[in-house]
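For reference, the structure discussed in these notes is given below.
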Amino acid sequence: MRLLLVEDDNHVAAALSAILVRHGFQVVHARSGEEALQALLPAEKEPFGVVLLDLGLPDQDGYEVCGKIRKRGDTPVIMVTARADVRSRIHGLNLGADDYVVKPYDTGELLARIHAVSRRKATGDAPVSATAADTALRLGGVRIELPTRRVSVDGTEVQLTRKEFDLLALLAQRPGVVFRREQIISEVWRTSWEGTGRTLEVHVASLRSKLRMPALVQTVRGVGYRLVVPAAVQGP
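Heads up, the sequence shown is in my numbering, so the first residue is 90 and it goes up one at a time.
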């Protein structure tokens, strides 16, 4: 797999590149946002499987670079940064990042996340059953169109990232049923790696914020999450 590493610190980039190469990746190093965007342009070359994007770049903020990458295509983007607060994570995911890794990180963790996002890309990013793919799910004012991966609330379309949609679609197919955290991680992230739990929490928070319905996705303490059926679609 070709991997684009966007990192302005040459020492950090050299050390990480050596590890990635040992694991079979072909690494292209970009030291700035502009270099990264230029590297993504040549159409005649094999496309990048994943972009590892540092946020502290010398010429422009990494968030801005992520937005530009997402407008150009669907290449998976993993933000790699020291910004650990939840607000920064949610902002990155809202811009279209596929994952968010906080420095300092374990290289095994980073490799697991790279493989996870690449698997989702290869399989069409849709962990929903084929039998449900021809229907739209309606939960009160929320409409989820599985074939087109579109979501609207009271007729207004809401832009979700791939993983946010996958998470919502999974919960919405069995409203009221509690999904264990391990089950959600397995079906949406396609991994059993325990460190993904924090990422799940961030995605739930982002989903609640975007839908402007904080009570829609309910936390079942110590177990997982469930989608609460809005009163408008409940029986008498």
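Built from N, CA and C at the ideal position, the CB exists for glycine as well. Nothing here was measured: the structure is a model prediction, and the numbers come from that model.
Separation of residue j from residue i, as counted between CA atoms
{"i": "Thr308", "j": "Ala261", "result": "15 Å"}
{"i": "Glu276", "j": "Ile167", "result": "19 Å"}
{"i": "Ala304", "j": "Ala294", "result": "11 Å"}
{"i": "Arg315", "j": "Leu109", "result": "37 Å"}
{"i": "Leu142", "j": "Glu96", "result": "7 Å"}
{"i": "Met90", "j": "Arg239", "result": "30 Å"}
{"i": "Ala107", "j": "Ala119", "result": "15 Å"}
{"i": "Ser298", "j": "Val291", "result": "11 Å"}
Residue nearest to residue i in terms of C-alpha spacing, selected from the options
{"i": "Tyr189", "options": "Gly162, Gly311, Ile233 and Val140", "result": "Val140"}
{"i": "Leu235", "options": "Val166, Val116, Glu96 and Asp255", "result": "Asp255"}
{"i": "Leu146", "options": "Glu123, Ala128, Leu129 and Arg227", "result": "Glu123"}
{"i": "Phe114", "options": "Val291, Leu249, Leu129 and Leu94", "result": "Leu94"}
{"i": "Gly138", "options": "Leu257, Val191, Arg202 and Ala104", "result": "Arg202"}
Below-8 Å beta-carbon distance, residue i vs any chain B residue
{"i": "His292", "result": "Here there is only one protein chain, and chain B is not present."}
For residue i, the residue or residues it bridges with in DSSP
{"i": "Ser241", "result": "Arg232 and Glu246"}
{"i": "His100", "result": "The partner list for His100 (beta bridge, DSSP) is empty, contrary to what the question assumes."}
{"i": "Ile167", "result": "Leu141 and Asp188"}
{"i": "Leu226", "result": "Ile233"}
{"i": "Leu129", "result": "In DSSP, Leu129 forms no bridge with anything."}
{"i": "Ala119", "result": "Val95"}
Supposed contact pair residue j and residue i - C-beta distance, whole angstroms, cut 8 Å
{"i": "Val247", "j": "Leu300", "result": "6 Å"}
{"i": "Gly313", "j": "Arg269", "result": "4 Å"}
Can at least three beta-carbon pairs, one atom from the region 160-175 and one from the region 226-243, be found at a separation below 8 Å?
no
Contact between the region 181-200 and the region 149-157 (3+ Cβ pairs under 8 Å):
yes
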